[in-house]
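Input: a single structure, listed below in structure tokens.
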């Protein structure tokens with residue numbers, strides 16, 4: 003879509019497939035930017051997701067922690083990360099998107115170092131708290147930054163691309179667990195938690211190479227710098243000027259009278275119908291992603307496999323590697339299809355597939371008992387569940403929450419959504435062992451199945467299709483409720499897209 007300026011009027015019209023938007027090229031700066039986010043995702047997940055699932059076995063043996071302390075250690079990271087997510091929105095508006103990512107890396111690495119050297123459970127918790135705050139910053143700002151700097155035609159793929167490295171980080175964590183499990187119980191888990199510190203050097207270098215978000219630069223009245231960044235991500239100078247004009251409108255510079263001045267949080271807490279719809283979709287999808295139990299599988303897969311009948315620790319960790327490998331491979335499907343098939347079709351496939359696999363997994367663990375058949379079916383169903391998660395709900399959750407909010411609210415609203423994600427994850431992780439002891443592991447997965455049924459209904463009723471639309475066009479979709487059920491914009495829609503003065 004292009005923008006044609008005529009005085010103060012901004013008219014939007016559909017662009018053909020031969021226009022410059024379809025000829026966008028990604029330059030080295032954009033690739034450097036992706037590399038930085040990917041490294042951050044790897045680090046976070048090596049230390050705090052994949053590794054912890056196996057390291058907790060040896061931490062429990064070395065530090066003699068109780069089951070309750072185990073739940074707290076695993077789940078507290080998600081809970082405390084909400085502080086980072088809330089602070090991340092304010093920090094990114096103050097110091098910029100990319101330097102907020104740098105701050106996230108510093109805080110996280112400090113926590114990782116403390117954990118790897120911890121002599122006691124109390125010190126281990128301090129490191130875990132620091133790491134959680136860093137992760138809270140990271141999960142909020144990374145998708146916002148990518149969404150703001152990416153061209154519309156490739157935004158879905160680029161925003162979900164770091165999800166490959168999230169899953170790669172989990173897989174590498176599982177592999178490191180398996181590789182170091184033969185060492186002394188006092189040493190192995192420390193090495194597992196410490197290996198993720200090494201890539202921080204690359205983040206430091208990347209921060210001096212990657213560009214700042216052009217939308218943040220416009221908000222700071224630095225439009226010339228924003229133009230320079232856009233010239234590195236778009237191949238046409240005319241397209242750059244069109245996009246810059248759209249961003250200026252959204253930021254309240256080109257037509258400041260469009261939005262009255264009000265505090266961001268006041269607008270979030272007292273939303274208009276359009277903003278309310280955005281909050282329901284953006285925050286809701288974040289909670290839905292976690293209440294279906296994916297983090298229970300990622301963190302407690304050794305416990306689940308042990309319930310299925312695997313008792314040897316090495317075999318348990320080898321089983322988690324298989325799960326991590328499946329999760330990593332399947333995310334590639336979403337990367338290739340998200341901007342072709344669209345967000346909503348992939349979400350349907352994902353949530354329905356997860357619902358079926360969770361139901362079958364609950365039946366398998368509840369009624370088949372221990373044995374080879376149970377082990378094989380459990381492995382297959384866990385792998386199926388994470389596969390369906392990775393082709394839809396996993397990456398698309400972050401894509402949607404970073405692209406649907408207007409520029410003036412994007413950082414804080416995305417942070418609020420990340421808070422919902424982390425709180426939901428924390429509740430699941432901090433209660434899974436206790437709930438499983440009360441109603442069995444199979445019973446826990448039946449509860450996840452019920453939540454997964456609700457996720458299908460949520461996708462049907464609350465998620466619009468945003469494929470191929472600019473961030474500014476998506477905002478107008480919510481302002482024009484009739485567009486929510488529509489797919490691509492039709493020629494007759496342009497009359498409704500003429501901005502009002």
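Numbering (this note's numbering), first residue to last: 3 to 503.
Where is the CB? At the ideal position from N, CA and C, for every residue including glycine.
No experiment lies behind these values; they were computed from the predicted model shown.
Q. By DSSP, does residue 341 sit in helix, in strand, or in coil?
A. DSSP places residue 341 outside both helix and strand once states are collapsed to three, so it counts as coil.
Q.
So the candidates are 229, 355, 106 and 431; which of them puts its Cα closest to the Cα of residue 243?
A. Relative to the Cα of residue 243, the nearest Cα in the group 229, 355, 106 and 431 belongs to 229.
Q. Considering only residues of the same chain and omitting the five flanking positions on each side of residue 413, which have a CB-CB separation below 7 Å?
A. Leaving aside the five residues that flank residue 413 on each side, the residues in its chain whose CB is nearer than 7 Å to its CB run, in chain order, 91, 94, 95 and 146.
Q: Verify whether the separation of the beta carbon atoms of residue 407 and residue 279 is less than 8 Å.
A: Cβ distance not < 8 Å, so residue 407 and residue 279 don't count as in contact.
Q) Taking the alpha-carbon positions, what's the residue 58 to residue 72 distance? A) Residue 58 and residue 72: Cα-Cα distance of roughly 7 Å.
(Q) On the DSSP letters alone, give me the boundaries of the alpha helix (DSSP H) that residue 557 sits inside. (A) Because the chain here runs from 3 to 503, residue 557 falls outside it and cannot be looked at.
Q: Would you kindly work out how many angstroms separate the C-alpha atoms of residue 236 and residue 182, rounded to a whole number?
A: Across the structure, residue 236 and residue 182 are spaced so that their CA atoms are roughly 46 Å apart.
Q: Please report the Cβ distance between residue 457 and residue 290, rounded to the nearest whole angstrom; I am assuming they are in contact, meaning their Cβ atoms lie under 8 Å.
A: With a Cβ gap of about 5 Å, residue 457 and residue 290 count as contacting.
Q | Under the three-state DSSP convention, the category residue 100 falls into | A | Helix, per DSSP.
Q) Distance, Cα to Cα, residue 185 vs residue 272? A) Roughly 56 Å between the two C-alpha positions.
Q) By the 10 Å Cβ neighbour count, where 16 or more other Cβ atoms means buried, how is residue 459 classified, buried or exposed? A) Its Cβ having fewer than 16 others within 10 Å, residue 459 is exposed.
Q.
Within 10 Å of its beta-carbon, does residue 434 have 16 or more other beta-carbons around it, so buried, or fewer, so exposed?
A. That one is buried.
Q | Three-pair Cβ contact test at 8 Å for the region 444-454 versus the region 312-328 | A | Short answer: they don't touch.
Q. How is residue 305 classed by DSSP in three states: helix, strand or coil?
A. Residue 305: helix per DSSP, three-state reduction.
**Q.** Cβ-based burial, residue 423 [other Cβ within 10 Å; buried from 16]
**A.** The residue in question, residue 423, is buried, as its Cβ has 16 or more Cβ neighbours within 10 Å.
Q | Chain-order list of residues whose beta-carbon lies under 6 Å from that of residue 60 (same chain, five-residue window excluded) | A | Within the same chain, and ignoring the five residues on either side of residue 60 in sequence, the residues whose Cβ sits closer than 6 Å to its Cβ are 187, 190 and 191.
Q: Look at the alpha carbon of residue 88 and the alpha carbon of residue 375, and state the distance between them as a whole number of angstroms.
A: Distance between the alpha carbons of residue 88 and residue 375 is about 46 Å.
Q.
For residue 319, which residues in the same chain have their Cβ closer than 6 Å to its Cβ, ignoring the five residues on either side in sequence?
A. For residue 319, where only same-chain residues beyond five positions count, the Cβ hits under 6 Å are 56, 179, 180 and 183.
Q) Would you call the region 167-177 and the region 111-122 touching, i.e. three or more CB-CB distances under 8 Å? A) The region 167-177 vs the region 111-122: no contact.
Q: Report all residues from its chain with a CB closer than 6 Å to the CB of residue 359; omit the five preceding and five following residues, and keep chain order.
A: The beta carbon of residue 359 is closer than 6 Å to those of 383, 386 and 387 in its chain, skipping five residues each way along the sequence.
(Q) Tell me the residue span of the alpha helix (DSSP H) that contains residue 425. (A) DSSP places residue 425 in the uninterrupted alpha helix (DSSP H) bounded by 412-464.
Q: In the DSSP assignment, find the alpha helix (DSSP H) that holds residue 281 and state where it starts and stops.
A: From DSSP, the alpha helix (DSSP H) with residue 281 extends over 275-293.
Q) Between residue 194 and residue 238, what straight-line distance do the alpha-carbon atoms span, to the nearest angstrom? A) Counting only the Cα atoms, residue 238 lies some 47 Å from residue 194.
Q) Just checking, does the region 61-70 make contact with the region 391-400 on the three C-beta pairs under 8 Å criterion? A) No, because fewer than three Cβ pairs between the region 61-70 and the region 391-400 fall closer than 8 Å, the two stretches do not touch.
Q) residue 370 by DSSP, collapsed to three states: which one? A) For residue 370, the secondary structure class from DSSP, reduced to helix, strand or coil, is coil.
Q | Rounded C-alpha distance that separates residue 310 from residue 299 | A | Rounded to the nearest angstrom, the two C-alpha atoms are 13 Å apart.
Q) Which residues bound the alpha helix (DSSP H) around residue 232? A) Residues 225-233.
Q) Does the beta carbon of residue 299 come closer than 8 Å to any beta carbon on chain D? A) The chain inventory of the structure shown lacks chain D, comprising one protein chain alone.
Q.
Quick check on residue 471: does DSSP put it in helix, strand or coil?
A. Note: residue 471 maps to coil in three-state DSSP.
(Q) Can you give me the C-alpha to C-alpha distance between residue 133 and residue 204, rounded to a whole angstrom? (A) Taking C-alpha positions only, residue 133 is separated from residue 204 by approximately 18 Å.
Q) At what residues does the alpha helix (DSSP H) containing residue 64 begin and finish? A) Here the alpha helix (DSSP H) through residue 64 covers 53-65.
**Q.** Distance between beta carbons of residue 80 and residue 135, contact taken as under 8 Å
**A.** Residue 135 to residue 80, Cβ: 12 Å. No contact.
Q: Give the straight-line distance between the Cα atoms of residue 223 and residue 267, rounded to the nearest whole angstrom.
A: Across the structure, residue 223 and residue 267 are spaced so that their CA atoms are roughly 22 Å apart.
Q. Taking the alpha-carbon positions, what's the residue 357 to residue 464 distance?
A. The alpha-carbon atoms of residue 357 and residue 464 are separated by roughly 18 Å.
Q) Of all the options 400, 143, 431 and 454, which has the alpha carbon lying nearest to the alpha carbon of residue 509? A) Outside the shown range of the chain (3 to 503) lies residue 509, about which nothing can therefore be said.
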